[in-house]
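I have placed the structure first, in the form of structure tokens, so that the comments after it can refer back to it.
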Amino acid sequence: QVQLVEAGGGLVQPGGSLRLSCAASGIMFSAYAMGWYRQAPGKERELVAAIITGGSTNYADSVKGRFTISRDNAKKMVYLQMNSLKPEDTAVYYCKARWGGDVYWGQGTQVTVSS
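Numbered per this note's numbering, the sequence shown spans residues 2 to 116.
Following this line, the structure appears as structure tokens:
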């Protein structure tokens, strides 16, 4: 059974930081491209950051220079370090694993940026 379990969300003030984590099980983690997506109320889900098996990364323009995605294949974990958070970063953040046609999603974790 495949599971992706996100953690680390919460309420933070503008300018603050959070670190999201996603624990994977039931998949050959090192073979999967991993990504973080987010969905704000009334908006479509969008890519935030992705990291492929070789370690290359890409980011949405809105988070470049503020967010960093990383992975630990031995622990089957992917992380999203979020700095200089803004109110517009408020959303449910989802972890995604993809290998060819196999796609899995986590249940999401809420991030709220507000004073």
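Every residue gets a Cβ at the ideal spot worked out from N, C-alpha and C, and that includes glycine.
Let me make sure I understand the geometry here. Which of the options has the alpha-carbon closest to that of residue i?
i      : options                         : result
Tyr33  : Leu21, Gly16 and Ala51          : Ala51
Leu19  : Thr91, Lys97, Gly101 and Trp106 : Thr91
Ser57  : Gly36, Lys77 and Ala41          : Gly36
Thr113 : Met83, Leu5 and Gly27           : Met83
Gly17  : Leu86, Gly101 and Lys97         : Leu86
Gly107 : Gly10, Tyr94 and Ile28          : Tyr94
Grab the span of the beta strand (DSSP E) containing residue i for me, first residue to last.
i      : result
Ser115 : Looking at the DSSP string, Ser115 is not in any beta strand (DSSP E), and its letter there is neither H nor E.
Leu86  : Looking at the DSSP string, Leu86 is not in any beta strand (DSSP E), and its letter there is neither H nor E.
Val49  : Glu47 to Ile52
Val6   : Gln4 to Ala8
Gly11  : Gly11 to Val13
Can you tell me the Cβ-Cβ gap for residue i and residue j, rounded? I've got them flagged as a contact below 8 Å.
i     : j      : result
Pro88 : Ser115 : 6 Å
Glu47 : Tyr60  : With 8 Å as the limit, Glu47 and Tyr60 do not qualify as a contact, their Cβ atoms being about 12 Å apart.
Consult DSSP for residue i and reduce its assignment to one of helix, strand or coil.
i     : result
Ser57 : coil
Ser71 : strand
Ser31 : helix
Arg20 : strand
Lys97 : strand
If we cut at 9 Å on Cβ distances, does residue i have a partner in chain B?
i     : result
Arg72 : Checking the listed chains, one finds no chain B in this structure; it contains a single protein chain.
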